[in-house]
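Numbering (our numbering), first residue to last: 159 to 881.
Following this line, the structure appears as C-alpha cells:
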C-alpha cells in the first residue's frame with residue numbers, strides 16, 4: 159500500500175519528556191522569582207529552604223520559554239548540584255530542564271541551502287570548510303542524504319571519502335534513508351553505504367544489510383557481512399529481520415521514534431533514486447511497520463509472521479482513521495480494511511492471535527471483523543476467535559461473538575457456548591465507558607484492570623508514561639485516565655521506565671486537544687497521610703478541576719469504582735451512548751443475519767434481551783434489528799413481537815414484526831392471544847394487514863376453522879354483483 163502522503167500545515171508541539179514527582183509541603187502562587195530564589199539557596203547550600211520554592215515554581219505552571227530563559231543563564235555546576243541532591247530535588251529539576259526549550263526552534267534549512275552545504279562538505283578544497291559544512295548539515299538531518307549519497311558512486315576516491323565523512327556526521331538521522339540506497343543499481347553506492355551503516359551501529363540498518371549479504375556483487379555481500387559483524391548482529395534471514403524491525407515499529411519502540419512532529423519522513427527507493435514521503439506522525443509507526451512487512455514479503459512471500467504484521471499495521475491505521483474521523487486522510491479507514499481483507503483468512507486469523515497476545519485490543523476488535531469477512535467455512539478448531547470470546551476486554555468479547563454469529567460455523571469453535579450470551583449482552587448495552595490506567599506497578603495495574611472489567615468498563619492499561627500518552631491520543635474516546643502519582647519512582651517494578659514521570663503525563667494530557675477533556679484520576683502511592691495531602695494540594699494548585707479524584711493504594715475495588723464512576727459522569731455521556739447504540743444495533747443485526755439452522759450456539763439465552771431490545775430499544779435501528787433477529791432465530795419472543803405489532807411507532811417495524819411473528823410461530827405453537835393479534839392486524843389495511851395475513855399462513859397450530867374464518871374475512875373482491 160502506498161504511504162499516506164499528507165503535508166501538514168502546522169507544527170505539532172513536541173511531547174515534553176515525562177518528568178517529575180509530586181512534592182511535600184504547602185504550595186503558594188509563584189513566579190520566576192521562586193526559581194531564582196531557590197537557585198540562590200542551592201548555591202548557598204540551603205537545600206531544605208530551596209525545595210519548597212522549587213515546588214511552588216513547578217506548581218505555578220511556567221511556560222517553557224520562561225524556564226529556558228532562567229536556566230540558560232544558570233551555571234551548569236549549580237544545576238548539577240541540585241541534581242546531586244537526589245529525590246524530589248533531582249526530579250523537579252529534571253522536570254524543569256525538560257521544559258527548558260528555546261522559545262522558537264531554529265528555522266530549518268531550505269533545500270537549496272542543504273544542497274549547497276552538501277556540495278561544500280564534499281567538494282571544497284579546504285578541509286576546515288568541509289568540516290564546518292558537514293557539521294552544519296546536522297541541522298538538516300536525513301534531508302541531507304539525497305544530496306550526499308550520489309557522491310558515493312563517484313570514481314574519485316577523495317570524493318567518496320568526503321561523502322562518507324559527511325554522512326557519518328549525520329549519525330542515526332541518516333540510517334533509514336541510507337538503508338534504502340542499498341537498492342541502488344550503482345555497486346559503489348551500495349558498497350559504501352554499507353560501510354557508513356556499519357559505522358552508525360544503528361539496528362534499523364540490520365534488515366537492509368542482511369539482504370545485501372546476498373548481493374550479486376561478492377564485494378558488496380562481503381561488506382554487508384562485515385557491517386553486520388561490526389554491529390554485533392548475526393547474518394540470517396533478511397525477511398525475518400525486516401519482520402522483527404516492523405514489530406518494533408508497530409509496538410512503538412521508543413528507541414525508534416519518540417517525537418510528535420506533525421509529519422515524519424519515510425524513504426523509498428523508486429526509479430533508481432531516493433524518494434521522500436511525508437506521513438502524519440500518528441500513522442508513522444504503523445506505516446513503517448507496513449513498509450517492513452512488505453519488504454519482508456518481497457524477500458519471502460511465505461513469511462506468515464510478516465503477513466500477520468502487515469494486516470495488523472493496516473488495521474491499526476484504520477483504527478487511527480476512525481478515531482480522527484474527518485481529520486484523517488480521506489478513504490484511509492475503508493482502504494486499509496479492504497487491503498487487509500485481500501490477505502485472506504489465514505493472515506486475518508494470525509493477526510488476531512498476535513493482537514490478543516500483545517493486548518492490542520482495538521486492533522483485535524478489527525481483526526474479528528476481518529476474520530468474519532474472510533471466512534469460508536474453514537475449520538475453527540483452536541482458532542483465536544475462541545480466545546477473543548474470553549479476553550479481558552469487553553468490546554473484543556462482543557466483537558468476537560458478533561463475528562461468530564455472522565460466520566455461523568457448524569462446530570469446532572472454542573468457547574462457542576459463550577457466543578449467544580455475549581452478543582445478547584451487546585444488544586442490551588446502553589453506554590460504553592472507557593478507562594485507561596497508566597501505572598508502572600504491575601500488581602496495582604492488574605488489580606485495577608480486573609476491578610474495572612468487572613465493573614462493566616472497557617479498560618486498558620500501559621505500564622509506562624510515554625506509551626500511555628500515545629495510547630490516549632490515539633483513542634480520543636477514552637473517558638477516564640488513571641495516572642499513578644509516582645510514575646518512575648525507584649521503588650516501582652519496571653526499572654527500564656523510570657525516565658517517565660507523572661507531572662509530564664498530566665501536563666500532556668491536559669494540553670493536547672484530543673485528551674484535554676478526559677477526566678483524570680490520580681493513583682496515590684501507599685505513603686503517609688501528610689504526603690498524600692501535599693500531593694492533593696499541589697495538584698489542585700497546578701491543575702484545578704482537571705483532576706477529578708484520587709484512588710489510594712492499596713486499592714479497594716469498591717472505592718476505586720465509585721471514584722471512576724464519579725469521574726466518568728463528569729464527561730458528556732452522549733458519545734458513550736452513541737457507541738453503545740451502534741454496538742447494540744450491530745449485535746442484534748448479527749442475530750438477524752446468522753444462519754438460523756446453525757445450532758452451535760445456545761440461542762435461547764438471547765430471546766429475553768432481544769425481546770427487550772425489540773420493544774424498548776433506544777433507537778429505531780436497534781428495535782428493527784431485534785425484531786428481525788427474533789424472527790430469524792425462530793425460538794421465542796412471540797409476545798414481544800405482538801407488542802411491536804400492536805404498538806410499533808411505524809408501519810415498517812409493524813410489518814417486520816408481523817413477518818417475524820410468522821417465522822417464530824412456524825416453529826413454536828402460538829397462544830390464542832398471539833393468533834388473535836395477527837388476525838386483528840390482518841383485518842386492517844395496507845402493508846401491515848398484508849404482512850399479518852401472510853404471517854398467519856406460517857402459524858403451525860392454526861386450526862382449520864380459523865383458516866376458514868380467514869377465507870371468509872378476506873375473500874378476493876374480483877367479481878361484481880349482478881343487477
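Cβ coordinates follow ideal geometry from the N, Cα and C atoms, glycine included.
All values derive from a computational prediction rather than experimental measurement.
Item to complete: Just the C-alpha distance for residue 518 and residue 663, rounded to the nearest angstrom, thanks.
Response: By 1-based counting over the chain shown, the position of residue 518 is 360. By 1-based counting over the chain shown, the position of residue 663 is 505. Going by the C-alpha atoms only, they are around 21 Å apart.
Fill in: As assigned by DSSP and simplified to three states, the class of residue 592
Counted from its first residue, the chain shown places residue 592 at position 434. Here residue 592 sits in strand by DSSP.
Worksheet item: Can you name the start and end residues of the beta strand (DSSP E) that residue 540 belongs to?
Response: As a working note, residue 540 is residue 382 in the chain shown. Note, residue 540: premise wrong, no beta strand (DSSP E); not H, not E.
Worksheet item: What distance in whole Å lies between the Cβ atoms of residue 793 and residue 832, which are believed to be in contact at a cut-off of 8 Å?
Response: Position 674 of the chain shown holds residue 832. Position 635 of the chain shown holds residue 793. The pair is not a contact, with the Cβ atoms about 15 Å apart (cut-off 8 Å).
Worksheet entry | residue 779 versus residue 678: straight-line alpha-carbon distance, rounded | As a working note, residue 779 is residue 621 in the chain shown. As a working note, residue 678 is residue 520 in the chain shown. Answer to the nearest angstrom: the Cα atoms are 34 Å apart.
Worksheet item: With DSSP run on the structure shown, which of helix, strand or coil describes residue 495?
Response: Here residue 495 is taken as the residue at index 337 of the chain shown, counted from 1. Here residue 495 sits in helix by DSSP.
Worksheet item: So the beta strand (DSSP E) residue 421 belongs to, where does it begin and stop?
Response: To locate residue 421, count along the chain shown from 1; it is residue 263. Residues 421-428.
Worksheet entry | Outcome for residue 811 when other beta-carbon atoms lying within 10 angstroms are tallied against a minimum of 16 | Taking the chain shown and counting its residues from 1, one reaches residue 811 at position 653. Buried.
Fill in: the stretch 587-594 touching the stretch 620-639, judged by at least three CB pairs closer than 8 Å
yes
Discussion item. Using the Cβ count rule (16 or more neighbours within 10 Å means buried), how would you classify residue 204?
Written reply: Taking the first residue of the chain shown as position 1, residue 204 is located at position 46. Looking at its Cβ environment, which holds fewer than 16 other Cβ atoms inside 10 Å, residue 204 is exposed.
Item to complete: For my contact list, residue 674 and residue 667 are in at a C-beta cut-off of 8 Å; report their separation, rounded to the angstrom.
Response: Here residue 674 corresponds to residue number 516 of the chain shown, with the count starting at 1. Here residue 667 corresponds to residue number 509 of the chain shown, with the count starting at 1. That belief holds up - the Cβ atoms of residue 674 and residue 667 are roughly 7 Å apart, short of 8 Å.
Fill in: Integer Cβ distance of residue 305 from residue 276, believed to fall under 8 Å
Numbered from 1 along the chain shown, position 147 holds the residue referred to as residue 305. Numbered from 1 along the chain shown, position 118 holds the residue referred to as residue 276. The Cβ separation is near 4 Å, so the contact holds.
Worksheet entry | Assumed close pair residue 791, residue 819 - CB separation to whole angstroms, cut-off 8 Å | Along the chain shown, read from residue 1 onward, the residue named residue 791 stands at position 633. Along the chain shown, read from residue 1 onward, the residue named residue 819 stands at position 661. Actually they are not in contact, since the Cβ atoms of residue 791 and residue 819 sit about 13 Å apart, beyond 8 Å.
Worksheet item: What does a CB cutoff of less than 6 Å around residue 263 pick up in its chain, not counting 5 residues either side in sequence?
Response: Numbered from 1 along the chain shown, position 105 holds the residue referred to as residue 263. Summary for residue 263: the model assigns pLDDT 36, below 50, so the residue's position carries little reliability; its value from the coordinates is reported in the next sentence. Counting only Cβ-Cβ distances below 6 Å, and skipping sequence neighbours, we find nothing.
Discussion item. Between residue 467 and residue 405, how many whole angstroms is the CB-CB distance? I'm expecting something under 8 Å.
Written reply: As a first step, residue 467 is located in the chain shown; it is residue number 309 there, counting from the start. As a first step, residue 405 is located in the chain shown; it is residue number 247 there, counting from the start. Confirmed, Cβ separation roughly 6 Å.
Discussion item. Can you give me the C-alpha to C-alpha distance between residue 451 and residue 469, rounded to a whole angstrom?
Written reply: The sequence position of residue 451 within the chain shown is 293, counting from 1. The sequence position of residue 469 within the chain shown is 311, counting from 1. Approximately 9 Å between the Cα atoms of the pair.
Worksheet item: Where DSSP assigns a beta bridge to residue 677, which residues make up the other side?
Response: For the purposes of this step, residue 677 is identified with residue 519 of the chain shown, where counting begins at 1. DSSP, once it has assigned bridges, lists 638 as partnering residue 677.
Item to complete: Whole angstroms is fine: what's the gap from residue 787's alpha carbon to residue 860's?
Response: For the purposes of this step, residue 787 is identified with residue 629 of the chain shown, where counting begins at 1. For the purposes of this step, residue 860 is identified with residue 702 of the chain shown, where counting begins at 1. So the alpha carbons of these two residues sit roughly 23 Å apart.
Discussion item. Going by DSSP in three states, residue 185 sits in which element: helix, strand or coil?
Written reply: Stepping through the chain shown from its first residue, residue 185 is reached at position 27. Any reading at residue 185 must be qualified, since the residue scores a pLDDT of 36, below 50, and its modelled position is unreliable; the value itself is stated next. Of the three classes helix, strand and coil, the one that applies to residue 185 here is coil, per DSSP.
Worksheet entry | Close-in-space but distant-in-sequence residues of the same chain around residue 401 (CB under 8 Å, 5 per side omitted) | Here residue 401 corresponds to residue number 243 of the chain shown, with the count starting at 1. The answer, listed in chain order, is 450, 451, 454, 461, 463, 464, 467.
Worksheet item: Sorry if obvious, but does the Cβ on residue 218 come closer than 7 Å to a heavy atom of the ligand PLP?
Response: Annotation note on the ligand PLP: not contained in the displayed structure, which lists no ligands.
Worksheet item: Is the Cβ-Cβ distance between residue 369 and residue 425 less than 8 Å?
Response: Here residue 369 corresponds to residue number 211 of the chain shown, with the count starting at 1. Here residue 425 corresponds to residue number 267 of the chain shown, with the count starting at 1. Contact flag unset, no.
Discussion item. Here's the rule I'm using: 16 or more other beta-carbon atoms within 10 Å means buried, otherwise exposed. How should residue 669 be labelled?
Written reply: Stepping through the chain shown from its first residue, residue 669 is reached at position 511. Label assigned to residue 669: exposed.
Worksheet item: Just the Cα atoms here: how many angstroms apart are residue 427 and residue 689?
Response: Along the chain shown, one-based indexing puts residue 427 at 269. Along the chain shown, one-based indexing puts residue 689 at 531. Each residue's Cα considered, the two are about 57 Å apart.
Discussion item. Using a Cβ distance threshold of 8 Å, determine whether the stretch 209-223 contacts the stretch 191-198, with at least three qualifying pairs required.
Written reply: yes
Practice prompt. Look up residue 682 in the DSSP assignment and say whether it is helix, strand or coil.
Written response: Translated into the one-based positions of the chain shown, residue 682 becomes position 524. In this structure, residue 682 counts as strand in the three-state DSSP scheme.
Fill in: Nearest-angstrom Cβ-Cβ length linking residue 611 and residue 552, presumed shorter than 8 Å
Against the chain shown, residue 611 aligns to sequence position 453. Against the chain shown, residue 552 aligns to sequence position 394. Right, the Cβ-Cβ distance comes to about 7 Å (below 8 Å), so this counts as a contact.
Discussion item. Report the start-end ranges of each beta strand (DSSP E) in the stretch 687-752 that is 3 residues or longer and not cut off at the edges.
Written reply: 705-710
Worksheet entry | Inter-residue CB distance, residue 581 and residue 749 (contact presumed, cutoff 8 Å) | Within the chain shown, numbered from 1, the residue matching residue 581 stands at position 423. Within the chain shown, numbered from 1, the residue matching residue 749 stands at position 591. Between residue 749 and residue 581 the Cβ distance is about 6 Å, and since that is below 8 Å, they are a contact.
Worksheet item: Quick check: the stretch 334-349 against the stretch 369-385, are there 3 or more CB pairs under 8 Å?
Response: yes
Discussion item. So if DSSP puts residue 432 in a beta bridge, which residue, or which two residues, is it bridged to?
Written reply: Here residue 432 refers to the residue found at position 274 when the chain shown is read from its first residue. Looking at the DSSP assignment, residue 432 forms a beta bridge with 427.
Worksheet entry | Closest Cα partner of residue 421 within the set 586, 572, 439, 472 | Residue 421 sits at position 263 when you count from the first residue of the chain shown. Answer by Cα proximity: 439.
Worksheet entry | Residue span of the alpha helix (DSSP H) that contains residue 380, given as start and end | Mapped onto the chain shown, residue 380 falls at position 222. Residue 380 -> alpha helix (DSSP H) spans 376-388.
Fill in: As assigned by DSSP and simplified to three states, the class of residue 857
Taking the first residue of the chain shown as 1, we reach residue 857 at position 699. Coil at residue 857, not helix or strand.
Item to complete: Can you give me the Cβ contacts of residue 201 inside the same chain, cut-off strictly under 7 Å, excluding the 5 residues immediately before and after it?
Response: As a first step, residue 201 must be located in the chain shown, where it is residue number 43. Within the same chain, residue 201 has close Cβ partners 236.
Discussion item. Looking only at its chain, what residues have a beta carbon closer than 6 Å to the beta carbon of residue 373, apart from the 5 residues adjacent to it on each side?
Written reply: Position 215 of the chain shown, counted from the first residue, corresponds to residue 373. Closer than 6 Å at Cβ, skipping near neighbours: 379.
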